[in-house]
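So the structure is just underneath, and the comments pick up after that.
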Amino acid sequence: MIKLNVIGDPIMHSRSPKIHGLVLSEIGVDFEYERVLVKKGELSSYIKSAIDGGVDGFNLTMPHKVDIIPYLKEIDFDAKIFGAVNTVKIKNGELYGFNTDAMGLILALSQNGFSVKDKNITILGAGGVSSTIAMKFAIEGASEIRIFNRSVDKAREICEKIENVKAEFCIKTKTMFGGFESAYIAEGIKNTDLLINATPLGMTGVDGDYEDLSFIDSLKKDAMVCDLIYSPPKTKFLSYAKDKGHRIMNGYGMLISQAILADEIYLEQKLDIGKLFTNIVNNS
Ligand code: NAP
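Counting from 388, one number per residue, gives the positions in the sequence shown under this note's numbering.
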């Protein structure tokens, strides 16, 4: 039996046990997956108890994604470049860190027939997830990335981060950033192939939603529209895009894909991602 945890503070809201449960049950693995409340500063004692208790790996959420780094024997490329870890494998008493978040989105997009290579991509929002997916899109060969955000400085910082590693990773992506005004976004997305909502606007339990979505009218007809939100399954943002004839995708596929990738790491086994994705996402 494989023993897994998700750690964080708060932790009771975490959907990880359910999501990993779907994946591990689908592949027929005997597992135990528990939420563990670990407060900031308590990582060291948690790690000791996890190793002693035979835990095989754990997912991390706030506030540990960065603090875990000094405890790792090795860190994978994505986790290193994002400066954040969401998956830790424990092997022979040593910790190995990974980040499957952004690759989860790349996989979900590819399952929906979209490759980011040579594409012009616009991200609305410049928080934690925007930062990781923008960097991943650049590394995966997007031709242009535009980021629009309420706090323009945060959008600028993400673009600068990409610009700073361009030479090191042979990145050719052009970057551009701007404010969150509807008219400004409308002007900026005319050549976009993929428009992503990476803000919590429209999410269940969050106050606030897009008041004016008419900027979507200026998208090319074949542009794809993605909302990283999965609750509700179809936000106002996605409904508007669908009504305008765009292909749409919500955040559920990303959520499932990053879990499948983490489970590959825990099990040290290549999984049939396409089959799992179809069985879980399309049947949920
Ligand atoms: P975050 O770090 O808190 O960033 C939130 C972003 O949204 C910031 O850029 C913020 O702008 C902007 N924002 C918040 N309220 C806004 C408002 N009222 N008007 C305009 N902009 C607003 O959050 P995150 O971790 O990046 O997550 C962003 C979204 O992605 C959330 O909806 C989350 O649920 C979703 N997500 C989905 C998955 C998945 O697996 N599907 C994974 C991770 C995240 P400022 O910078 O101006 O504050």
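Idealized CB from N, CA, C, for every residue including glycine.
Simplified DSSP state of Arg533, which is helix, strand or coil = strand
inquiry  = Would you say the beta carbon of Phe349 is closer than 7 angstroms to some non-hydrogen atom of the ligand NAP?
reply    = Residue 349 lies beyond the stretch modelled for the chain, which goes from 388 to 671, so this question has no answer here.
task = Could you pull out every residue in the same chain whose Cβ sits closer than 6 angstroms to the Cβ of Glu481, ignoring the five residues on either side in sequence?
result = Lys460
request  = Just mark His407 as buried or exposed, buried being the case when its beta carbon has 16 or more other beta carbons within 10 Å.
outcome  = buried
ask   = Should Pro450 be listed as close to the ligand NAP, given that the test is whether its C-beta is under 7 angstroms from any heavy atom?
value = no
message = Quick check: Phe624 and Ile572, are their CB atoms within less than 8 angstroms of each other?
response = no
query = Helix, strand or coil for Phe469 per DSSP?
reply = helix
query = What residue does the alpha helix (DSSP H) around Cys613 start on, and which one ends it?
reply = Per DSSP, Cys613 belongs to no alpha helix (DSSP H); it is in the beta strand (DSSP E), 611 to 614.
key: Residue from Met449, Thr487, Val410 with nearest C-alpha to Gln645   = Thr487
ask   = Does at least one heavy atom of the ligand NAP sit under 7 angstroms from the Cβ of Gln645?
value = yes
Assumed close pair Val516, Leu581 - CB separation to whole angstroms, cut-off 8 angstroms = The pair is not a contact, with the Cβ atoms about 15 angstroms apart (cut-off 8 angstroms).
task = With DSSP as the reference, label Val423 as helix, strand or coil.
result = strand
query = Do you know whose CA, among Glu598, Tyr653, Ser671, Val539, lies nearest Ile643's CA?
reply = Ser671
Where Asn551 falls, given that 16 or more other Cβ within 10 Å makes a residue buried = exposed
request  = Name the one or two DSSP bridge partners that Val393 has.
outcome  = Arg422, Asn446
ask   = Met636 bridges to which residues according to DSSP?
value = Cys613
ask   = How would you label Ser431, buried or exposed, when you count the other beta carbons within 10 angstroms and need 16 or more for buried?
value = exposed
message = For a test of the three-state rule: what should DSSP assign to Thr665, helix, strand or coil?
response = helix
request  = Using 7 angstroms as the cut-off, classify the Cβ of Thr586 as near or not near the heavy atoms of the ligand NAP, replying yes or no.
outcome  = yes
request  = Could you tell me if Asp443 is buried or exposed, where buried requires 16 or more neighbouring beta carbons within 10 angstroms of its beta carbon?
outcome  = buried
task = May I ask which residues mark the beginning and end of the beta strand (DSSP E) holding Thr474?
result = 474 to 478
query = With a CB to CB cut of under 8 angstroms and the five nearest residues on each side skipped, what residues in its chain are close to Arg533?
reply = Asn507, Ile508, Thr509, Ile510, Thr562, Met563, Phe564, Gly565, Gly575, Ile576, Thr579
message = Is Val410 near the ligand NAP - that is, is its Cβ less than 7 angstroms away from at least one heavy atom of it?
response = no
message = Please give the ranges of any beta strand (DSSP E) in the region 560 to 610, keeping only runs that are unbroken, at least 3 residues long and fully inside the region.
response = 561 to 565, 581 to 584
Inter-residue Cα distance where the pair is Glu544 and Pro587 = 20 angstroms
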